[in-house]
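Accompanying notes for the structure given below.
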Amino acid sequence: MEEIDCELLVIGAGPGGYVCAIRAGQLGLDTIIVDAAQLGGTCLNIGCIPSKALIHAGNAFHNAMTFSAGNPLGITSGPPSIDLAATMTWKDGIVTRLTSGVGGLLKKAKVRHVTGRARFVDGKTVDVETADGVRRIRAAHVVIATGSEPVELPQLPFGGKVLSSTEALSLTAVPETLVVVGGGYIGLEIGTAYRKLGAQVTVVELGGRILPQYDAALTKPVSDRLARLGVEVLTGASAEGLSRDGETLLVRIGEDIREIDAEKILVTVGRNPVMAGWGLSELGLEMDGRFLRIDDRCRTSMREVYAIGDVTGEPMLAHRAMAQGVLVAEVIAGGKRRWDHGAIPAVCFVDPEIVSLGLSPAEAEGRGIAVDVAMFPFVASGRAMTEGDDSGFVRIVCRRSDGLVLGIQAVGNNISELSAAFSLAMEMGATAEDVAATIHAHPTRGESFQEAALRILGRGLHV
Ligand code: FAD
Ligand code: NAD
Numbered sequence: 072m073e074e075i076d077c078e079l080l081v082i083g084a085g086p087g088g089y090v091c092a093i094r095a096g097q098l099g100l101d102t103i104i105v106d107a108a109q110l111g112g113t114c115l116n117i118g119c120i121p122s123k124a125l126i127h128a129g130n131a132f133h134n135a136m137t138f139s140a141g142n143p144l145g146i147t148s149g150p151p152s153i154d155l156a157a158t159m160t161w162k163d164g165i166v167t168r169l170t171s172g173v174g175g176l177l178k179k180a181k182v183r184h185v186t187g188r189a190r191f192v193d194g195k196t197v198d199v200e201t202a203d204g205v206r207r208i209r210a211a212h213v214v215i216a217t218g219s220e221p222v223e224l225p226q227l228p229f230g231g232k233v234l235s236s237t238e239a240l241s242l243t244a245v246p247e248t249l250v251v252v253g254g255g256y257i258g259l260e261i262g263t264a265y266r267k268l269g270a271q272v273t274v275v276e277l278g279g280r281i282l283p284q285y286d287a288a289l290t291k292p293v294s295d296r297l298a299r300l301g302v303e304v305l306t307g308a309s310a311e312g313l314s315r316d317g318e319t320l321l322v323r324i325g326e327d328i329r330e331i332d333a334e335k336i337l338v339t340v341g342r343n344p345v346m347a348g349w350g351l352s353e354l355g356l357e358m359d360g361r362f363l364r365i366d367d368r369c370r371t372s373m374r375e376v377y378a379i380g381d382v383t384g385e386p387m388l389a390h391r392a393m394a395q396g397v398l399v400a401e402v403i404a405g406g407k408r409r410w411d412h413g414a415i416p417a418v419c420f421v422d423p424e425i426v427s428l429g430l431s432p433a434e435a436e437g438r439g440i441a442v443d444v445a446m447f448p449f450v451a452s453g454r455a456m457t458e459g460d461d462s463g464f465v466r467i468v469c470r471r472s473d474g475l476v477l478g479i480q481a482v483g484n485n486i487s488e489l490s491a492a493f494s495l496a497m498e499m500g501a502t503a504e505d506v507a508a509t510i511h512a513h514p515t516r517g518e519s520f521q522e523a524a525l526r527i528l529g530r531g532l533h534v
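The sequence shown begins at 72 in my numbering and counts up one residue at a time.
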C-alpha cells in the first residue's frame with residue numbers, strides 16, 4: 072500500500088475544505104486534500120452555483136414572457152420558448168469553469184489532491200480508496216469537511232419522479248407539474264425558478280408558513296410574489312406518499328387527504344451532515360446533536376482533528392464553511408485565531424430576495440436587549456421604482472443605549488448584493504449614526520439602508 076506523509080490532510084473539497092487547503096498552502100503547510108467526487112463539493116457542483124444559474128434562467132425566461140404579454144415599459148416581443156437541455160449545458164459549463172479553477176488554485180498553493188474516499192484508521196492516519204487502490208496518508212493535523220446531504224423522507228424515497236435538489240438541477244425538460252415538499256431555502260429557490268420556466272408548481276410545507284427561519288414580515292413579500300406567479304402554497308400540509316398508480320402525490324391537510332398531479336416531486340426538507348463512511352465511530356468524536364462538536368478554533372474533541380462546514384452545524388452556508396476553513400489553516404500554522412465574527416449573513420435567493428444578519432427585533436427582545444427598530448420601504452425608493460419592483464424593505468435593529476447596529480434584515484429585488492454593505496457595517500461595529508452619516512450613492516437600493524438608519528435617529532428624509 073502506498074503511504075504518504077503530510078502536515079495537513081483535508082477530507083472533503085467543498086468550500087470549507089478547498090479554501091482551508093489553499094490558505095494552508097499559502098502559509099507553507101505541506102497539505103493534501105482528498106475528495107471522493109469533483110472538487111468544489113456541494114456548493115459548486117450541485118448547490119449554490121447550479122441553483123443560481125437556474126434562477127437566472129428562470130428570471131430571463133419570465134421577463135421574456137412578460138414582454139410578450141404586454142407591459143408598462145412598452146416593450147413587445149414574441150412568446151419565448153426554452154430548451155432546458157441547453158440551459159443545463161450552459162450551467163454545466165459554469166460549474167466546470169469553477170471546479171477546474173479550484174484545481175488550478177490548489178496547484179498554485181502547492182496542495183496535493185487525491186481523488187478517493189477517505190476513512191480514518193486513527194486520528195492521524197487515513198486510508199483513501201482511490202481508483203488505483205488504497206493509499207495511506209499520515210498527517211500531523213486532519214480537517215474533516217465532509218459536508219451534508221439531502222434528508223430523505225421514508226414515504227418518498229429518492230428515485231424515479233421523486234427528486235432531490237441534485238436531480239432537480241439537472242432536468243433536461245421543464246416538468247408540466249412539480250410538487251415541492253418543504254418550503255425552505257432550496258424548495259423555494261428551485262420551485263420559483265421552475266414556475267418561471269413554465270411548470271405548474273405546488274409547495275407542500277409542514278409548518279404554518281414558508282421559510283420559517285425568517286420572520287413573517289420578511290417572508291410576506293415572497294408569499295405575495297408566489298401567489299402572483301401562480302404557485303400554490305399549502306401550509307400545515309404533509310406529504311403522505313405516492314398514490315397507488317404513482318401519478319399523484321397524497322397530501323394530508325388536517326383531516327383531509329388531497330391528491331396533487333405531480334410529474335416530478337422535489338423533496339427539500341433539510342440536509343443532514345455527512346457522518347457515515349469516514350470513520351466517526353473509530354474516532355469516537357463528541358457530537359453536538361447531529362453535528363460534530365467544535366470549539367471556537369474548530370477543534371473537535373480529539374487533538375489535532377478539526378472540523379469545518381456543514382458537518383459542524385447551522386447555518387449550513389458556503390461562506391461560513393470558507394471562513395472556518397481560513398481560520399483552521401491559520402490556527403494550524405500557529406496563528407492566534409478564534410471564531411469572533413459579529414454576524415454571518417444569510418441570503419435566500421427567492422423572489423424577492425431576502426437578506427438577514429444579526430438579531431431580528433424578536434431575537435433582541437428575547438435576549439432582553441432594549442432596541443430601536445426602523446424600516447425603509449422600497450415603495451419610497453426611486454431605484455426600486457425604476458427597476459419595476461418596489462416590494463420589500465430594509466430594516467435595521469439598533470441598541471437603544473448607544474445606537475450600535477445589532478441586526479439588519481431586508482427583502483427586495485437584487486437585495487443579495489447589499490449583504491456585503493450590511494456585513495461590513497456589523498463587522499465594523501457601526502452605529503445608526505455611522506450608517507446615517509455615510510454618503511450612499513443615488514439612485515441605489517443602498518440609500519434605503521441609510522434611510523432606515525436615519526429613521527432610527529428620528530431624521531428620516533424620504534418617508
Ligand atoms: P460540501 O460542499 O458538502 O463538500 C463536502 C465534500 O466532502 C464533498 O465534495 C464530498 O464528496 C466530500 N466527502 C464527503 N465524505 C468524504 C469522504 N469520506 N472522503 C472523501 N471525500 C468526502 N449555501 C450558500 O451559502 N449560498 C447558497 O446560495 C447556497 N445554495 C445552495 C443550494 C443548494 C441546492 C444546496 C444543496 C446547498 C446550497 N448551499 C448554499 C449550501 C452550501 O452548498 C453548503 O453550505 C456548502 O457546500 C458546505 O460546504 P462544505 O465544505 O461543508 O461541504
Ligand atoms: P430548510 O431547512 O431551509 O427548509 C426545509 C423546509 O422543509 C422547512 O420549511 C420545514 O418546515 C419543511 N419540512 C420539514 N419536514 C417536512 C415534511 N415532512 N413535509 C413538508 N415540509 C417539511 O432546508 P433545505 O431547503 O433543504 O435547505 C437545507 C440547507 O441548505 C438550508 O438550511 C441552508 O443552510 C442551505 N441552503 C442555503 C441556501 C442559500 O444560502 N441561499 C440555498 C439553499 C440551501
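Heads up, the beta-carbon is just placed ideally off N, CA and C, and yes, glycines get one too.
Relative to the ligand FAD, is the shortest distance from any of its heavy atoms to the C-beta of residue i smaller than 7 Å?
| i | result |
| --- | --- |
| THR113 | yes |
| PRO416 | no |
| CYS119 | yes |
| PRO423 | no |
| SER236 | yes |
| VAL105 | yes |
| LEU388 | yes |
| SER494 | no |
| PHE420 | yes |
| ASP381 | yes |
| ALA108 | yes |
| PRO57 | Residue 57 cannot be examined here, being either before or after the span of the chain that is shown, 72 to 534. |
| LYS162 | no |
| ILE126 | no |
| ARG188 | yes |
Kindly indicate if chain D contains any beta-carbon less than 8 Å away from that of residue i.
| i | result |
| --- | --- |
| ASN343 | In the structure shown, chain D does not exist; there is a single protein chain. |
Run through the DSSP bridge pairs and tell me what residue i is partnered with.
| i | result |
| --- | --- |
| VAL191 | The amino acid occupying residue 191 in the given sequence is Phe; Val does not appear at that position. The partner list for PHE191 (beta bridge, DSSP) reads VAL197. |
| GLY320 | Here residue 320 turns out to be Leu, not Gly, going by the sequence shown. Per DSSP, LEU313 and ILE331. |
| LEU224 | LEU227 |
| ASN343 | GLU220 |
| ILE82 | VAL105 and ILE215 |
| ARG368 | In DSSP, ARG368 forms no bridge with anything. |
| MET358 | LEU363 |
| GLU73 | ARG206 |
| TYR377 | VAL214 and ARG370 |
| VAL535 | Limits of the chain in this structure are 72 at one end and 534 at the other, which puts residue 535 out of reach. |
| CYS419 | ILE425 |
| ALA21 | As shown, the chain starts at 72 and ends at 534. That puts residue 21 outside it, with no answer to give. |
What does a CB cutoff of less than 8 Å around residue i pick up in its chain, not counting 5 residues either side in sequence?
| i | result |
| --- | --- |
| SER148 | ALA135, PHE138 and SER139 |
| LEU528 | GLY474, ALA503, GLU504 and ALA507 |
| HIS511 | GLY517, GLU518, PHE520 and GLN521 |
Just checking residue i against the ligand NAD - is the residue's beta carbon closer than 7 Å to any of the ligand's heavy atoms?
| i | result |
| --- | --- |
| THR243 | no |
| VAL275 | yes |
| PHE447 | no |
| ILE257 | yes |
| PRO344 | no |
| VAL340 | yes |
| GLY537 | The chain is shown only over 72 to 534; residue 537 falls outside these bounds and no answer can be derived. |
| MET560 | Nothing can be reported for residue 560: it is not among the residues displayed for the chain, which extend from 72 to 534. |
| LEU224 | yes |
| GLY310 | It should be pointed out that residue 310 corresponds to Ala in this sequence rather than to Gly. ALA310 Cβ: within cutoff of the ligand NAD. |
| ILE303 | Checking the sequence, you will find Glu at residue 303 rather than Ile. For the ligand NAD, not one heavy atom lies less than 7 Å from the Cβ of GLU303. |
| GLU260 | yes |
Excluding the 5 residues flanking residue i on each side, which residues of the same chain have their C-beta closer than 6 Å to its C-beta?
| i | result |
| --- | --- |
| ALA287 | none |
| GLU276 | GLY254 and THR306 |
| SER235 | PRO221 and PHE229 |
| PRO535 | Because residue 535 is not part of the residues shown, which for the chain are 72 to 534, the question remains open. |
| GLY258 | VAL251 and THR339 |
| PHE191 | VAL197, GLY350, GLU353 and LEU354 |
Enumerate in chain order the residues of its own chain whose CB-to-CB distance from residue i is below 7 Å, with the five nearest sequence positions on each side excluded.
| i | result |
| --- | --- |
| GLY531 | GLU522 and LEU525 |
| GLN109 | ASN116 and THR170 |
| GLY384 | ASP359 and PHE362 |
| THR217 | ILE82, GLY83, VAL345, TRP349 and VAL382 |
| ARG409 | ASP367 and ARG368 |
| ILE208 | ILE75, CYS77, LEU80, ILE103, VAL197 and VAL199 |
What are the uninterrupted segments assigned as alpha helix (DSSP H) that are 4 or more residues long and contained completely in the segment 232-298, given in chain order? 236-239 and 256-267
In chain order, what are the residue ranges of uninterrupted alpha helix (DSSP H) at least 4 long that sit wholly in the segment 421-475? 432-437 and 453-457
As an exercise, report each continuous beta strand (DSSP E) stretch of at least 3 residues that is fully enclosed by the segment 470-522, in chain order. 476-483
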